[in-house]
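K.L.:
Have a look at the structure that comes next, please.
2 protein chains.
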Amino acid sequence: MTRRAATEQAVRARRTVEDLLRRVRHRLASFLAAERAHCAEVHEHAVVAVDALADLAAGGPLLRPAFCLTGYLAAGGDPEEAGIVDAAAALELLHLSTLVHGDVLDGSRTRRGKPAVHALHSTLHRTRGWHGESRRFGEGVAVVAGDLALVYSDELMAGAPRGARTEWRRLRPEAVLGPYLDLAAAAEFSAAPDLPRLTALLTSGRRAARRPLARGASAAGRPDLAGALAPYGEAVGEASRPRDDLLDALGDPAHTGATAGPDFPRHKVTLLLGRAMQRDSRLRDLITEPGHTPDEIRARLLETGVTADAEQRIAHLVDQGCAVLADAPLPPQWRARLTDMALRAAYRDK
Amino acid sequence: MTRRAATEQAVRARRTVEDLLRRVRHRLASFLAAERAHCAEVHEHAVVAVDALADLAAGGPLLRPAFCLTGYLAAGGDPEEAGIVDAAAALELLHLSTLVHGDVLDGSRTRRGKPAVHALHSTLHRTRGWHGESRRFGEGVAVVAGDLALVYSDELMAGAPRGARTEWRRLRPEAVLGPYLDLAAAAEFSAAPDLPRLTALLTSGRRAARRPLARGASAAGRPDLAGALAPYGEAVGEASRPRDDLLDALGDPAHTGATAGPDFPRHKVTLLLGRAMQRDSRLRDLITEPGHTPDEIRARLLETGVTADAEQRIAHLVDQGCAVLADAPLPPQWRARLTDMALRAAYRDK
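In the order they appear, the protein sequences are chains A and B. FYI, the numbering for the first sequence is 1 to 350, going by the UniProt record's numbering. FYI, the numbering for the second sequence is 1 to 350, going by the UniProt record's numbering.
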């Protein structure tokens, strides 16, 4: 094949994924609008939770659907098959459920640059002068919104290709348990890295890339390719977590859209922080004792050298993942696409 | 048929339901044990949520599965069909999810005579001297446990008869939204009875009896019978809610297993309380102003006469439900069974 023809194929591959992602975004919006209408028939109050989901769904980067669709197309799946759009949209709703509930679990106040669902509804409760405790109300809305997202994700799976269902079953309990392991790690606040590393695997490694890819490939009737791509997905997903940790600890909150500053006050133990605490035992005290500013903690964390190590680890994981692609039975344009996605996921700045 | 033969048929019907309920209990226990083993492979911490569910599942009265199985058998369903056990167990897991999350939403400290999931794990967090906020940890465990129950309920539905799936879809969003409407009613704390009445319908009326019955009948291939039994299920379910309200406001907590005393401090607006506040405007102040004891509030509530009205309403609903049975195309032993179930649900003492 000429170089030009190869480039054209690569461009077509990217455009096909982008077209399908637009359809996923549209499907999510129209599905949630229809569910909103059902809720409104029940009672005007009943729309609050579905509205919260629609807001969140509108702004998402659709990382998981993108991996699912790429796995599907790389495996030769038909882009006109409506079921694959539903399968990808279901993944995103499951993800939204874990985001909304996860923000309650670790008390994060912001999400994607806006107030988290529970934070927004606590504020509304307060400003309306409603009865009862504002925190309970806000967190209650978030619990129900996350539950609805879980139910709806399954609703969308009804229209998905049969091959996608097996991966769906493996993926769901992992998705739901991930935030709990974060919570347990924060509660124990141990520097031992086993729990954070496992959480990284469950919440990013398998969930963000490996399982979605496998679902896509299986939906196209190619479980063999799902197996061949698993080490790639695991590596790319695993690289995503240290990037999250680095952005959380060092990124500019105005740009990342996360809670201003790192999660030190809530003792959230990222793999990065766990490693830093192992190297510098004073760091643990700085976090648990009152009176130390995030800047002070951050400076100490940088001195341990863990951030350079994390960058090295990310680079290693990306290399490892892309090496897998070289041996996978893939058309070249999809190898190029997956390489590009690995780099984007690992080197994003928000 | 002789009277004796009829009695024998009625006894057989009851025993068949009881046998199937035992199988449901066993299925729940073995399913959760298998899921626990999966979780334990992930990490020792990951079993906490599934253990919480297993504890709760062991003690339940299985009201929803009982209605589902009765609907199924009354419609001529085969008691040996394994799928109906899964369908009934799925209903119970969905119910457990709404109980665990509902207790977080309204801050209930006890459930079935034991500490609620979130309350237990807040206490454990505190006694172990873990880091972070005990309340957040306990509520986090409960959120994840409820999520798992939702995921597992759907997992069990995979083995259910096809006919049961349509009712499942209608039932799930209602089940999830019910507790939110309770929360909204408490926040507005209005005496207008529309929101509490709707919640009563959603959380008890449709969920406890009508939808389970319909699922059972549909699973046996008799959606026509599902339709004929709908007004019975709606009436019996609706009668269940004022009974809950009465037990909550007047029952002996040592016997009912609920939080000691009524839900006045959290401003939970039951239909009973809403009606009482409409009759006696001073009651609202007694609840919102500090310094009034539950006994004082309870006495004032009794003076309004709403409890006698509630008993009358229950009796009317039971009559109405049983009248429906007389015209339904049902074998006589199942008419007797459903009459018995209506009376037990409406006149239970806990």
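Heads up, the beta-carbon is just placed ideally off N, CA and C, and yes, glycines get one too. On a predicted model such as this, the values are computed, not experimentally measured, just so you know.
Mind checking if B:Asp147 is an interface residue toward chain A, Cβ cutoff 8 Å exclusive?
P.N.:
True, the Cβ-Cβ gap to chain A drops below 8 Å.
K.L.:
Can you tell which of A:Arg170, A:Gly71, A:Val24, A:Ala87 has its C-alpha closest to the C-alpha of A:Ala58?
P.N.:
Of the candidates A:Arg170, A:Gly71, A:Val24, A:Ala87, the one whose C-alpha sits nearest the C-alpha of A:Ala58 is A:Val24.
K.L.:
Tell me the residue span of the alpha helix (DSSP H) that contains A:Glu167.
P.N.:
First-last of the alpha helix (DSSP H) with A:Glu167: 164-188.
K.L.:
Put B:Arg109 into one of helix, strand or coil per three-state DSSP.
P.N.:
Three-state result, B:Arg109: coil.
K.L.:
What whole-angstrom Cβ distance do B:Leu181 and A:His45 have, given they're in contact under 8 Å?
P.N.:
Indeed they touch by this definition, with Cβ atoms about 6 Å apart.
K.L.:
Within 8 Å, do at least three Cβ pairs link the stretch 82-96 of chain A to the stretch 123-132 of chain B?
P.N.:
No, they do not touch.
K.L.:
Sorted by chain position, which residues of the same chain lie with C-beta nearer than 6 Å to A:Glu139's C-beta, five sequence neighbours on each side aside?
P.N.:
Contacts found: Val104, His118.
K.L.:
Once the 5 residues before and after A:Asp154 are set aside, which same chain residues still bring their CB inside 8 Å of it?
P.N.:
Around A:Asp154: Ala90.
K.L.:
I need the DSSP call for B:Pro329, collapsed to helix, strand or coil.
P.N.:
Residue state, collapsed to three classes: coil.
K.L.:
Quick one: what's residue 354 of chain B bridged to in DSSP?
P.N.:
Nothing in the structure corresponds to residue 354 of chain B, since chain B is present only between 1 and 350.
K.L.:
Return the residues of the stretch 87-112 of chain A that lie within a Cβ-Cβ distance of less than 7 Å from chain B, sorted by chain order.
P.N.:
Correct list: His101, Val104, Leu105, Gly107.
K.L.:
Pull up the distance between the alpha-carbon of B:Lys114 and that of B:Ala310, whole angstroms please.
P.N.:
C-alpha separation (whole angstroms): 28 Å.
K.L.:
Look at the Cβ atom of A:Leu272, then the Cβ atom of A:Ala249, and state whether they are nearer than 8 Å.
P.N.:
Yes; because the gap between Cβ atoms is below 8 Å, this pair is in contact.
K.L.:
Tell me which residues share the same chain as A:Gly60 and place their Cβ nearer than 7 Å to its Cβ, disregarding the 5 neighbours each side in the sequence.
P.N.:
Here the set comprises Glu92.
K.L.:
Does the count of Cβ pairs from the stretch 72-81 of chain A and the stretch 206-225 of chain A closer than 8 Å reach three?
P.N.:
Cβ pair count under 8 Å is three or more, so yes.
K.L.:
Which residues of the stretch 28-43 of chain A have a Cβ closer than 8 Å to any Cβ of chain B? Give them in chain order.
P.N.:
Residues passing the 8 Å Cβ filter: Glu35, His38, Cys39, Val42, His43.
K.L.:
Quick test of the definition: if touching needs 3 or more C-beta pairs under 8 Å, does the stretch 328-335 of chain B touch the stretch 234-251 of chain B?
P.N.:
The stretch 328-335 of chain B is not in contact with the stretch 234-251 of chain B.
K.L.:
Using only the alpha-carbon positions, how far apart do A:Ser122 and A:Pro332 sit?
P.N.:
For A:Ser122 and A:Pro332, the distance between alpha carbons rounds to 51 Å.
K.L.:
For a minimum of 4 consecutive residues, which ranges assigned as the alpha helix (DSSP H) are wholly contained in the stretch 265-309 of chain A?
P.N.:
The stretch 265-309 of chain A contains these whole alpha helix (DSSP H) runs: 271-279, 281-288, 294-303.
K.L.:
Does B:Ala260 have its Cβ less than 8 Å from a Cβ in chain A?
P.N.:
In this predicted model, B:Ala260 has a pLDDT of only 45, less than 50, meaning its place in the structure is not dependable; the value taken from the coordinates is given anyway. Not closer than 8 Å to any Cβ of chain A, the Cβ of B:Ala260 fails to qualify, so no.
K.L.:
Does chain B have any CB closer than 8 Å to the CB of A:Asp248?
P.N.:
Chain B, which has no Cβ nearer than 8 Å to the Cβ of A:Asp248, makes this no.
K.L.:
For B:Val141 and A:Val143, which I take to be in contact (beta-carbon distance under 8 Å), what is that distance rounded to the nearest angstrom?
P.N.:
Not a contact, Cβ separation roughly 13 Å.
K.L.:
Can you give the Cα-Cα distance for B:Ala112 and B:Leu96, rounded to whole angstroms?
P.N.:
A small fix is needed here, since residue 112 of chain B is Arg in this sequence, not Ala. Their backbone Cα atoms lie some 12 Å apart in a straight line.
K.L.:
Under 9 Å between beta-carbons, which chain B residues line up against A:Glu155? List them in chain order, please.
P.N.:
What A:Glu155 touches in chain B: Arg169, Arg172, Pro173.
K.L.:
Going by the beta-carbon positions, is the gap between A:Cys68 and A:Gly216 smaller than 8 Å?
P.N.:
In contact: A:Cys68 and A:Gly216 (Cβ atoms closer than 8 Å).
K.L.:
Whose Cβ in chain C lies nearer than 8 Å to the Cβ of A:Glu238?
P.N.:
Structure shown: chain C not included; protein chains present are A and B.
K.L.:
Suppose contacts are defined by Cβ-Cβ distances below 8 Å. Is B:Ala214 in contact with B:Ser240 by that definition?
P.N.:
Contact: no.
K.L.:
Kindly examine the ligand NAD and report whether one of its heavy atoms sits closer than 7 Å to the Cβ of A:Ala74.
P.N.:
For the structure depicted, the ligand NAD is absent and the ligand set is empty, with no information on it obtainable.
K.L.:
Just to confirm my understanding: we take B:Glu18, look at its own chain, exclude 5 residues before and 5 after, and list those with CB closer than 6 Å. What are they?
P.N.:
No residues qualify anywhere along the chain.
K.L.:
Rounded to whole angstroms, what is the Cα-Cα separation between B:Asp244 and B:Ile287?
P.N.:
Approximately 20 Å, taken between the alpha carbons.
K.L.:
Would you mind sorting B:Tyr347 into buried or exposed? The rule is 16 or more other CB atoms within 10 Å of its CB.
P.N.:
By the 10 Å Cβ count, B:Tyr347 comes out exposed.
K.L.:
So which residues of chain B does A:Leu271 contact, with C-beta pairs closer than 8 Å?
P.N.:
None at all; the shortest Cβ gap to chain B is about 14 Å.
K.L.:
With a cut-off of 8 Å, does the C-beta of B:Val117 fall near any C-beta of chain A?
P.N.:
With 8 Å as the cut-off, B:Val117 does not count as an interface residue toward chain A.
K.L.:
With 16 other CB atoms within 10 Å as the buried threshold, where does A:Thr293 fall?
P.N.:
Answer is exposed; the Cβ neighbour count stays below 16.
K.L.:
Would you say B:Pro179 reaches chain A, if we count a Cβ-Cβ gap shorter than 8 Å as a contact?
P.N.:
Yes, its Cβ sits closer than 8 Å to a Cβ of chain A.
K.L.:
What distance in whole Å lies between the Cβ atoms of B:Val176 and A:Asp147, which are believed to be in contact at a cut-off of 8 Å?
P.N.:
Yes, A:Asp147 and B:Val176 are in contact; Cβ-Cβ is about 4 Å, under 8 Å.
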